[in-house]
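One gets this note's numbering by counting positions in the sequence shown from 1 and adding 166 to each. Some notes on the structure that comes next.
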Amino acid sequence: MPTRNQTVPDIKAVEQFLWDSHLSLFYVLFIMYTDDPIFVVVGARRAIRALQVWRQLTNDLRLIMAIPEKRVLGSWALWIGAIIVAPLGIVAIPRHKLMRAASVIQHLLDYGCPFHVYRSLCGLLEHFRAINLQRKHVMHGLYEPHQRNANNQFGPEAKVNCTTLMKKQLQRWLRLIFHSGGVDVLAAVDADSYRPPSSIHVVMDSDACHGDADPSGMGEFPRQGSTQ
C-alpha cells in the first residue's frame, strides 16, 4: 500500500512511457499469458496463413513451443485431456485413459491398491465426469479412503480395500466407461430451448380439387400438409 508521500502511478502514463521507450514488447510479456492456443480456420490457405502468423508471433515474443507430441493439426484437437472434434460437435475421452481407468478399477475390485493409485483414479474419474456430464452422486462413497487417510497417518502406500458402497459405485463406473466415453454439444443446450425440426408430410391425392379443405390442392398434384 502506498504511503501518504507516495502516489499510485497512472497506468496509462506507464503504458505511454513504455511505448515511447520501445519497451512495449517486455510490457506485453508481463501482462499476457497464453496456454493451449487453438485456431479454427476454413480452408488450407487460411490454415497455412494461421500457422505462419502464429510462428512469427512466438518467434517475436521468444516463446518456447510445446514438444512435437502435443502439436495437433487437423479437424480435431486434444485439449485439456479430451479429444474435441469441432465439425461433429463431439468431445471424447482418449481410449488409453478409458482403458487405464478400467484396468485400475478392476484390479481395485479384485485385489485392492495403494492409496496413491486410488487417489489418482479418483482424480481421473472426476475428469471423466466433467466430460460425460455425470452428476456428483456417481462419486458418492468413493472418497471414504481419503477421510481415513486425511491426517496422512497411513501414507501413500497404504492399501485401499473396497467397501460395499465403493464396489457398487466402481462397478457402475465400469459400465459408464464403456458406454459413455464422450458427449455431444447438444448436451450443453437447454432441453426447453432445443426443438427438433418438425416432420413434413406430403400427401398425394388423385381426387378432384379440394377447394373447401384446408390446405387446399388440385387433384393429382402433391400438396404439403399433415395427416389426421
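Glycine included, C-beta positions come from ideal geometry on N, C-alpha and C.
Gln222 sits exposed, since fewer than 16 C-beta atoms from the chains shown fall within 10 Å of its C-beta. If you compare the alpha carbons of Glu235, Cys328, Arg261 and Leu290 with that of Gly278, the shortest gap goes to Cys328. Put simply, the backbone Cα of His273 is about 17 angstroms away from that of Gly289. Residue burial annotation: Leu254 is exposed, with fewer than 16 other C-beta atoms found within 10 angstroms of its C-beta. The three-state reading of DSSP puts Pro234 in helix, counting H, G and I together. When DSSP states are grouped into helix, strand and coil, Val207 belongs to the coil group. The beta carbon of Phe344 is closer than 8 angstroms to those of Leu264 and Ala268 in its chain, skipping five residues each way along the sequence. In this structure, Leu291 and Trp245 do not form a Cβ contact; the two beta carbons are roughly 20 angstroms apart against a cut-off of 8 angstroms. For Val351, DSSP assigns no beta-bridge partner whatsoever.
Using a Cβ distance threshold of 8 angstroms, Gly347 and Ala258 count as a contacting pair. Taking the Cα of Arg228 as reference, the smallest distance to any Cα among His262, Pro234 and Trp220 is reached at Trp220.
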